[in-house]
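Working notes, structure below.
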Amino acid sequence: MVCSLIPCRLATSPTGSRSASRRIDTIFSSLNRLFLTTPSLSAGAIISSFSWSENPEAGHRDVKLSSRISLIIEAISVTVITILVFTVVGKHYSPSVVYAQAGISEAPFKGMFEGVVLAIFSFVGFESSVTLGKETRDPTKNIPRAVMGSMLFSGMFFTMMAIAMIIAYKGNAAGFGSDSAPLETLLNYLNLSKLSAPVYAIASLSLFACVLASINAGSRLLFSMGRYQFVHRSMGLVHTKHQTPHMAVTISAVLAILGPVALLGQGAMNTYGITGTIATFGFIFVYFLISISAPIYLARRKSGSMISMSLGVAGAILMVAAFFGSVYPVPEYPFNLLPYIFLAYLLAGAAILIRLKMFSPSILDRVELDLEGSEGAIIGRK
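If you count the sequence shown from 1, position 25 lands on 22 in the numbering used here, and the numbers rise without skipping.
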């Protein structure tokens, strides 16, 4: 499970980078329209440099600092985008468009299945707080609150914004879907095109925060795997001064740089699709395993119920359906290769596990003992 989470976190970093690079391209074009000269820079290089420079200062030194930075950045970005979108909604409100969004009669079944993978990817990450269990005060209360709160807030926000954007586009879903710069379009509706550069700069901050959060989570996973020699043991080293997994953070940041650089030729949208799909496969696989294992774990602790069992079964079925919808009908190249790439990655992880079981079984025993010890140390800790 841990192995499958690594591509989730690290593939999310280049996805955020390339999304932000598209917004930076929009910033540059907006500045040019304002008769300002802008050097021809690679947006991917900008995001990569930012990821490299910001994360060692925040995640390398103090995870609390990086978490607070991410939260502040996200709050500013969400506030600005919400004000913009609902200002346009107020000018283009149409009861007929709202009524049409309440049903799914016009939604093609094939399109819904194709979109479910990226929909899951857009929604994942609400469980990121669980990677900081040992650093959190009263984790048995605060982490469930963070997970549920993030899930509910994000779900409501995405739903409201999706409906609001369709209203802002006067019900033209195709136009909205094909628009690579929707915020710029909304500003044009308000005759505020000169604000494109600052608005996109603020919106890009949320994607920088996404990259930072993904590197934080990915480095924590690499740190755990390094401690148990699933990867090189240097990943399990802790900085002598800051007490953070500095090597794991550095490698995560480097991988976040290499991703968008390697896919520069694919364009922003294709890069988003490729990295997002790979990441989502990992999340689907992990969520599927959790849906199965969580009810079993609760049953062994004699704290399970029919509700937890039913939720686990429903979650597993939905994850299987989501994966099926991503591979059939067979997508176009290069997306048709992605399931096989992810499968090869899982097989490589299984090979490492088998090697450890054959030649170093004591490591796996230590993992089990450590997990049991961590559970005892966390539960009840204030």
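No residue lacks a Cβ here, since even glycine has one placed at the ideal position from N, Cα and C.
In chain order, what residues of the same chain have a beta carbon less than 6 Å from the beta carbon of residue i, not counting five sequence neighbours either side?
i	result
V121	F280
M316	I281, Y284, F285
Determine whether the beta carbon atoms of residue i and residue j lie at a separation below 8 Å.
i	j	result
A313	S288	yes
V165	L183	The residue you asked about is not Val; residue 165 is Ala in the sequence shown. Yes; because the gap between Cβ atoms is below 8 Å, this pair is in contact.
L204	I275	no
I117	F227	no
Y186	V85	yes
A194	V82	no
F339	F278	yes
I163	F173	yes
I70	L192	no
Tell me whether residue i sits in a helix, a strand or coil according to DSSP, three-state version.
i	result
L361	helix
S175	helix
F123	coil
F227	coil
S323	helix
R352	helix
R142	helix
S305	helix
Q263	helix
G215	helix
R298	coil
S91	coil
Can you list, in chain order, the residues of its chain whose CB lies under 7 Å from that of residue i, leaving out five sequence neighbours each side?
i	result
F220	M232, G233, P242, A245
Going by CA-CA distance only, name the one from the options that's closest to residue i.
i	options	result
Y342	Q263, V127, F282	F282
S93	T76, F150, N169, G301	N169
A210	P141, H239, A253	A253
I199	I80, T156, G346	I80
Q263	Y166, P292, Y330, A311	Y330
N213	M158, K88, S249, L68	S249
I271	S323, V310, K238	S323
S175	M157, S190, M266	M266
Here's a check: name, in chain order, each residue in its chain whose Cβ is nearer than 8 Å to the Cβ of residue i, leaving out the five neighbours to either side.
i	result
D362	none
V77	V196, I199, A200
K167	H89, S91, V94
Flag residue i as yes if its beta-carbon sits less than 8 Å from any beta-carbon of chain C, otherwise no.
i	result
Y186	The chain inventory of the structure shown lacks chain C, comprising one protein chain alone.
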